[in-house]
Amino acid sequence: MFADLGFYLLFLCFILSVYGSISAFFAAKTRQIRLYRSSKYAATASTFFCIFAALLLFYMLFQRDYSVMYIFKNSSNDLPWNYTIAAFWSALEGSHFLWLLMLSVYSSLALWTASKNNEHIMPWVSLTLQAILSWMFYLAISYSDPFLKNFPLPPDGVGMNALLQNPYMATHPPTLFTGYTALAIPFAYAVAALCYGDITEGWLKSVRRWALFGWTSLTVGIILGGRWAYVELGWSGYWAWDPVENSSFMPWIFSTCLLHSLLVQEKIGHLKRLSVVLAFLGFFFSFFGTFITRSGIISSVHSFAQSSIGPNYLAYLVCLLVGMTILYAVRAPTLLPPDTDKAWGVSKESALMLTQFLLGTFALIIFIGTIYPIVSEMITGARFNVQAPYFNAFAPWIGLLLVAAIAVGNLLRWKTGKFLGGSKILLQAVFWSLPVSLVFAYFGRVFESGGFRFGIQMVGIAMVFWAAFCLTADLSMRLKTLKGSFKLLWQRNRAYLGAYVAHIGFLIAILGFLGNYRGLETVKTLKKGESTELYGFEIKYEGFDILQEQNATIYGGVLSVHKDGTDLGTLMAGRSKYPTKPELLHEVGLLSSFWHDVYAVMPDFDKATRGETATFQIHINPTVRLVWISCVIMALGGLIALLDRSRGLNTKDHLEAVE
Amino acid sequence: MIKGMFLVMAALWSSFGWSSLGQATALEEDLSPEQKIEFRDISKDLRCPTCTGLSILESDAQFSIQMKTAVKEQVLAGKNKAEIMSFFTERYGLWILREPPKKGFHLVAWALPLSAMIFGPLLLWFFVWRRRITAKSRSIRSTADILSEMDRMIASEKAGT
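These protein sequences, in sequence, are chains A and B.
Its first residue numbered 1, the first sequence is counted upward by one per residue in the numbering used here.
Its first residue numbered 1, the second sequence is counted upward by one per residue in the numbering used here.
Written out as C-alpha cells, the structure reads:
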C-alpha cells in the first residue's frame, strides 16, 4: 500500500513539475508575477511530495518490506541500520530517486532564496529547473521506478552489494549528488540570462554562491569516493581514471573554471559568455556521468546492471546539447561586453584566462579518453579502452603548469602589468622552498626512488612549496595593507581568504600525488611469529583472528609493525564475508601515520591449519594522508568563501549602474 | 635538442604511475635489477583482460599471472619492449594495450590534446590579448539606459498604433 502511495506521489510530482514549467514559461512571456508564483508553489509542493515519497521508501526499507522490488534486491534482514539507510541509494532506481530528491529540494531552495534583484529572470530559472525535474520524475515513474512491486512476498532480500557496505560509500553518493544537483542552479541562471538577454546585478551573486556550494560538495564527494576505493578494493590506489571517476572529475573542472571566470566577470566585467558556457558544461557533464553509469555503454567498475534507461538519457543529453547550442547562438550577442579601457595584457585577468585554458584542456583530454572506446569502435570497428597510462601521460604536466599559474596568478594584479614586489617574492620563494622540499623529500622517502625519477619528483615538490610561499607572501602583503589585522581581513574579504585556503589545499593534494607516485610493496608468505622487513618497517605475523563486525564476518592475519625499535601498532589484513553474498571481499589492514600508510591485504592463507601460514601483500604508501587532508582543507576554503556575503554585489555592472 | 626533450618527456611520463603496483614481486625474484625495471615497464602497459581498468602488473587474476609469466620469459630471453609488445598485440590485437598506439587513427587521441596545448595559447593570444577594446560600443546597460530605451520603445509603439 505504501508502495502504491509512493508511486502516486511521484506521479503527482511529475504533473506538478510539468505544470510548473509551463506556467513559468507563460509567466516569463507575459510578465505575470502571479503565474510565476504559481509555478514556484508547484515546485515547492512537488518537493514536499518528493520528500514524503522518500520517507516512505526509508520506512519500507526499515520494515524490510520485500514486496517492493528495489528493497528485495538491495537489502536483507541482516543489514545493520546504517547500511539500511545507505541501501536507499545503493542501486539504479534508488540513486536516481536520491538525485531527483536533491535536485527538487535545491530547486525549491533556489527559488525561495532568490535575491530581489533577480526577480525579473526568476521565471526562466524556474522553467529550466522544473523542466529538468519533469524529465527526471518521468523516468522515476517509468524506467526507473523505485516502488515497483514484487510478488510473491519473499522472506528475505537478495542483499545490498557488499562492496558498498562501507562508511565511505554510504556518504560518497549523497555528497557527490549534492554537488551535481547544485550545479543545475548556475545552469538555470545561465539559461535565464540568455533568455532574458542580460546579466544583471544579482545574477553573479546567486551563481557564485551555488557554484561554490556545488564545487565544495563535489570536491568532498570525489575524495570520499577515492578513499572508498583505497580501503575497500585492496589494490592500494585511490584513482584509476575509470570512466565514471573521470565523469565526476569533469564537472569539478568546469565548476572550478566557472568560479574563476565569475571572478573576472566581477572585477572587470569580461567573460560573461564564458561563464554561461561553463555553467552549462558543468551541468551537462554531471548528467553525462550518470548516463555512463546507468547505460553501461562504457565498461566501468561502477556500472549498474544494463538498463533500458540508457537511450532515454542519451535523448535527453542530445536535446540539452542541441537546445543550449541554439539558444546560445541566437541569444549570446545580447550579453553585452563591458566598456573597459584596459584589460588583458600581462595582468591577473590574463593569468586567470590561462588557468581556464589549462583546466579546459585537461577536461578535453579526460573527455577524449573517456569516450574513446565508443569513438574508436565507430571508426576503426574495434573497441579500444583507454586506461590510466594515457591520462598519466598528460596529468602531471597540467598539474605542474597549474601550480605555476597559481603562484604567478595570485601575485599579479587586475588590469595592470605592474608586479608590485612580485618578482622579488617569486625569487625569495625559490630560496625558501628548497630546504623545505629537502625535508619533505627525506620524510616522504623520495630519495629511495633514485635516478631521474627522483629529480623530477624533487622539481615537482619544490614547485609546490614555491607556490605555497608565493601565496602566503601575497596574503601577508594584503594583511599589511590592513595593518596586519587578521580580523579586518576576515570581515572584509572572506572570499580571498577562502581562495587562499582552497589553493593551499589543492597544493597539498598535488604534494600527496607526487609523494605517492609509486608504491613500495612486497608479497610474503609468513608463518605465525615470522616477520619480514620492508623499507625499514619490520612487519610480524602475530596470529589469525576472526571477528564479527555488524553483519560481516571478518577473518584475517594480525600484523604488528615496528620501525627502528618503536612499536607502531597492529593492523589486520583479511577477508570479509557477508551473509547474503557468496564472494569474499578484501578487508584492508591500514596503519596510517602522517608520512606513510602501511597497507596490507591477505590474498591467501592456509585453510587446513586455520592460518598457520598466510600470504600478505604489504604496501608502504608515502604521503597518501596528504590527499585526505587536502580534501578537508579545500572544503574549508570553499566554506569560508561561501560565508562572504558581499562578493558578487559590488560588480562592475552594479557600480556603473549606480553611477 | 628536440630529441633530448622528447626523451625527458617520455621519462617523465613513465615516472608518474599514480596507482601503486600490485603483486609482481613474487615473479620478479630471479630477475636482475635492469630486467626488473623492464618487466615492470612492460607489464604496466598491458591490460588485464578480465578486470576493469587495471594493468596485469596490478592484478592477480589467473589470466594476468599467465601473461606476466610470458612477459618474464621473454625479458629473460633478452627481448626488448617493442618486441614483447608486438608479440602481445599480434596475439590479442591492439585491445591488449592500455593507451592508444601512436599510429593510424589512434594518433588522433594523442594529436588532439597536444595540439590543444600548443595552439590554445596562440589562439588566446590572437583573440583575447591582442584585441584592444577600441570601439566604445554598447556598454553595460545602466538603469538609466534601460529606462530611456523603454521610453523609446513605448513611444514608437504608440506612434505605430
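Built from N, CA and C at the ideal position, the CB exists for glycine as well.
Endpoints, beta strand (DSSP E) assigned at residue i
{"i": "residue 281 of chain A", "result": "Residue 281 of chain A -> not in any beta strand (DSSP E); alpha helix (DSSP H) instead, spanning 272–295."}
{"i": "residue 81 of chain B", "result": "No beta strand (DSSP E) holds residue 81 of chain B; the alpha helix (DSSP H) holding it covers 81–92."}
{"i": "residue 587 of chain A", "result": "584–587"}
{"i": "residue 238 of chain A", "result": "First-last for residue 238 of chain A: undefined, no H or E at that position."}
{"i": "residue 617 of chain A", "result": "613–622"}
{"i": "residue 49 of chain B", "result": "Where residue 49 of chain B is concerned, there is no enclosing beta strand (DSSP E), given that its DSSP letter is neither H nor E."}
Beta-carbon proximity check, residue i vs residue j, cutoff 9 Å
{"i": "residue 667 of chain A", "j": "residue 271 of chain A", "result": "Chain A is shown from 1 up to 659; residue 667 of chain A falls before or after that span and cannot be answered."}
{"i": "residue 127 of chain A", "j": "residue 190 of chain A", "result": "no"}
{"i": "residue 473 of chain A", "j": "residue 457 of chain A", "result": "no"}
{"i": "residue 46 of chain B", "j": "residue 97 of chain B", "result": "yes"}
{"i": "residue 121 of chain A", "j": "residue 203 of chain A", "result": "yes"}
{"i": "residue 586 of chain A", "j": "residue 233 of chain A", "result": "yes"}
{"i": "residue 84 of chain A", "j": "residue 75 of chain A", "result": "yes"}
{"i": "residue 617 of chain A", "j": "residue 521 of chain A", "result": "yes"}
{"i": "residue 572 of chain A", "j": "residue 604 of chain A", "result": "no"}
{"i": "residue 469 of chain A", "j": "residue 510 of chain A", "result": "no"}
{"i": "residue 444 of chain A", "j": "residue 595 of chain A", "result": "yes"}
{"i": "residue 188 of chain A", "j": "residue 217 of chain A", "result": "no"}
{"i": "residue 77 of chain A", "j": "residue 64 of chain A", "result": "yes"}
{"i": "residue 462 of chain A", "j": "residue 433 of chain A", "result": "yes"}
{"i": "residue 368 of chain A", "j": "residue 113 of chain B", "result": "yes"}
{"i": "residue 285 of chain A", "j": "residue 363 of chain A", "result": "yes"}
{"i": "residue 6 of chain A", "j": "residue 46 of chain A", "result": "no"}
{"i": "residue 172 of chain A", "j": "residue 92 of chain A", "result": "no"}
{"i": "residue 580 of chain A", "j": "residue 162 of chain A", "result": "yes"}
Among the options, the one whose alpha carbon lies nearest that of residue i
{"i": "residue 513 of chain A", "options": "A/83, A/396, A/329 and A/324", "result": "A/396"}
{"i": "residue 121 of chain B", "options": "A/290, A/359 and A/72", "result": "A/359"}
{"i": "residue 492 of chain A", "options": "A/219, A/643 and A/39", "result": "A/643"}
{"i": "residue 497 of chain A", "options": "A/260, A/72, A/415 and A/639", "result": "A/639"}
{"i": "residue 459 of chain A", "options": "A/401, A/416 and A/482", "result": "A/401"}
{"i": "residue 53 of chain A", "options": "A/12, A/42, A/230 and A/589", "result": "A/12"}
{"i": "residue 407 of chain A", "options": "A/504, A/192 and A/168", "result": "A/504"}
{"i": "residue 150 of chain A", "options": "A/219, A/591, A/529 and A/3", "result": "A/3"}
{"i": "residue 467 of chain A", "options": "A/244, A/423 and A/489", "result": "A/423"}
{"i": "residue 117 of chain A", "options": "A/314, A/199 and A/382", "result": "A/199"}
{"i": "residue 38 of chain A", "options": "A/61, A/108 and A/68", "result": "A/108"}
{"i": "residue 607 of chain A", "options": "A/378, A/72, A/622 and A/575", "result": "A/575"}
{"i": "residue 119 of chain A", "options": "A/274, A/40 and A/532", "result": "A/40"}
Rounded straight-line distance, which links the Cα of residue j to that of residue i
{"i": "residue 536 of chain A", "j": "residue 629 of chain A", "result": "25 Å"}
{"i": "residue 614 of chain A", "j": "residue 59 of chain B", "result": "19 Å"}
{"i": "residue 235 of chain A", "j": "residue 527 of chain A", "result": "23 Å"}
{"i": "residue 102 of chain A", "j": "residue 178 of chain A", "result": "7 Å"}
{"i": "residue 159 of chain A", "j": "residue 312 of chain A", "result": "28 Å"}
{"i": "residue 32 of chain B", "j": "residue 414 of chain A", "result": "57 Å"}
{"i": "residue 557 of chain A", "j": "residue 27 of chain B", "result": "23 Å"}
{"i": "residue 567 of chain A", "j": "residue 560 of chain A", "result": "8 Å"}
{"i": "residue 143 of chain A", "j": "residue 137 of chain A", "result": "10 Å"}
{"i": "residue 263 of chain A", "j": "residue 597 of chain A", "result": "39 Å"}
{"i": "residue 563 of chain A", "j": "residue 620 of chain A", "result": "12 Å"}
{"i": "residue 548 of chain A", "j": "residue 636 of chain A", "result": "36 Å"}
{"i": "residue 355 of chain A", "j": "residue 257 of chain A", "result": "8 Å"}
{"i": "residue 156 of chain B", "j": "residue 310 of chain A", "result": "52 Å"}
{"i": "residue 611 of chain A", "j": "residue 97 of chain A", "result": "45 Å"}
{"i": "residue 660 of chain A", "j": "residue 70 of chain A", "result": "Because chain A spans 1 through 659 in this model, residue 660 of chain A falls outside it and cannot be assessed."}
{"i": "residue 373 of chain A", "j": "residue 366 of chain A", "result": "13 Å"}
{"i": "residue 100 of chain A", "j": "residue 49 of chain A", "result": "12 Å"}
{"i": "residue 69 of chain B", "j": "residue 550 of chain A", "result": "41 Å"}
{"i": "residue 22 of chain A", "j": "residue 160 of chain B", "result": "32 Å"}
{"i": "residue 107 of chain B", "j": "residue 241 of chain A", "result": "20 Å"}
{"i": "residue 565 of chain A", "j": "residue 255 of chain A", "result": "49 Å"}
{"i": "residue 60 of chain A", "j": "residue 9 of chain A", "result": "15 Å"}
{"i": "residue 149 of chain B", "j": "residue 380 of chain A", "result": "57 Å"}
Limits of the alpha helix (DSSP H) - the one that residue i falls within
{"i": "residue 544 of chain A", "result": "Element bounds for residue 544 of chain A: not the alpha helix (DSSP H) but the beta strand (DSSP E), 537–549."}
{"i": "residue 6 of chain A", "result": "2–30"}
{"i": "residue 568 of chain A", "result": "Note, residue 568 of chain A: premise wrong, no alpha helix (DSSP H); beta strand (DSSP E) at 566–577."}
{"i": "residue 422 of chain A", "result": "422–443"}
{"i": "residue 378 of chain A", "result": "348–380"}
Near the ligand MN: residue i beta-carbon under 8 Å from a heavy atom
{"i": "residue 402 of chain A", "result": "Only the bare structure without any ligand can be found here, which leaves the ligand MN out of the picture."}
For a minimum of 4 consecutive residues, which ranges assigned as the alpha helix (DSSP H) are wholly contained in the segment 66–150 of chain A?
69–74, 81–86, 92–112 and 122–141
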